[in-house]
Ligand code: KG4
Ligand code: ZN
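In my numbering, the protein residues as written are 98 to 437.
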């Protein structure tokens, strides 16, 4: 079964053709990073307009590079959410229109669930139950994954997503957007023990995350300890790498410590990661330093960021689990809980 995947939840327009849920025939991603860079984050209305400009050419490129014509496509899968409402509408309407025109079913899938599915598109398959950890610009959570499609929520962030904290701290340090890769590069030159930063603890919710206090800690380190709310940032160039390294260490250690403890506590046999922050090499090194014994599954190259291959892959499973496609009045969902 050849599935066309469509992804437009945030700032990447992507179309992909995937055979039987795992064999990637093409995966074309048009990134909007340059468009949003001057704003230091995603500008929703611009994202939506850019998706509209790009969707047809990205679709044509994905079909041409896979060597597949419309007659070869059996199912259209689209990310129905979570994401920016205007951005989601472009992908969803494109999927519905193609489904009608080509007379093939379509399914809407959960974008963050697809981030976890990406790690299962490699040659080695994880053992279940697995601990799923999504660490991206919009999401931070851990689920116990019994199989594809069955999740129990363990913990989530109470405030910022981890990638958002990387982006905001990068902006405080005058580093370019997106901040995660910029902080990782600068952190290599710094000492992670220079500043005693720690991620927050959530009272009574040991599996939840909190990164806003950590971010504020960095802010007041830059402003000076007794500075008022409106005091300017005083960035000393020679401190930047140490701040980046100490922030990164605090944020990533919190993920690694909680993930290892949760995997043991909830009897998981492997750990599966998804989302942009799982690109970070220090994250992988920390697992080794902390003597991790669980098999780790990260998305294959190119599938960490938002992409349509993970949507097509998951769509294949959703279609078979449901036994049918979705109705044409399927609505986009800006928020979708994963697991209960
Ligand atoms: O998964 P993604 O492309 O988008 C969402 O669905 O949110 O993740 C983007 C996020 C951004 O916040 C970016 O700064 C972060 O992932 N990121 C990283 C790294 N690469 C991307 N964070 C830390 N280290 C990295 N190497
Ligand atoms: Zn994403």
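The beta carbon of each residue, even a glycine, is placed where N, CA and C say it ideally should be.
In the DSSP assignment, what are the bridge partners of residue 103?
-> Per DSSP, 112, 175.
Buried versus exposed, by CB contacts within 10 Å (16 or more), residue 228 | By the 10 Å Cβ count, residue 228 comes out buried.
With distances taken Cα to Cα, identify the nearest neighbour of residue 342 among 307, 284, 397.
-> Measuring from the Cα of residue 342, the nearest candidate turns out to be 284.
Identity of the residue in 264, 207, 431 nearest residue 139 by Cα | When each option's Cα is compared against that of residue 139, the closest is 264.
Which whole-angstrom value is the C-beta distance of residue 188 and residue 103, which I expect to be below 8 Å?
-> Contact flag correct, Cβ pair sits at about 5 Å.
Name the one or two DSSP bridge partners that residue 124 has.
-> BP columns for residue 124 point to 113.
Indicate, with yes or no, if ligand 1 has a heavy atom lying under 7 Å from the CB of residue 40.
-> Within the shown structure, residues of the chain are numbered from 98 to 437, placing residue 40 beyond reach of any answer.
Between the C-alpha atoms of residue 360 and residue 393, what's the straight-line distance to the nearest angstrom?
-> Near 11 Å, if we compare the C-alpha coordinates of residue 393 and residue 360.
Exposed or buried, what is residue 212 when buried is set at 16 or more other beta-carbons lying within 10 Å of its beta-carbon?
-> Counting of Cβ neighbours within 10 angstroms places residue 212 among the buried residues, the total reaching 16 or more.
Contact shell at 5 Å, judged by CB to any heavy atom of ligand 2, ordered along the chain = Here the list is 233, 403.
Pairwise C-alpha distance: residue 369 and residue 100 = If you take the alpha carbons of residue 100 and residue 369, they lie about 23 Å apart.
beta-carbon residue 212 near ligand 1 non-hydrogen atom, thresh 7 Å | Result yes, Cβ under 7 Å from ligand 1.
Short Cβ contact (8 Å threshold) for residue 357 with residue 381 | It is not a contact, given that the beta carbons lie outside the stated cut-off.
Would you list the residues sitting across from residue 250 in a DSSP beta bridge?
-> In the DSSP output, where bridge partners are listed per residue, residue 250 has 240.
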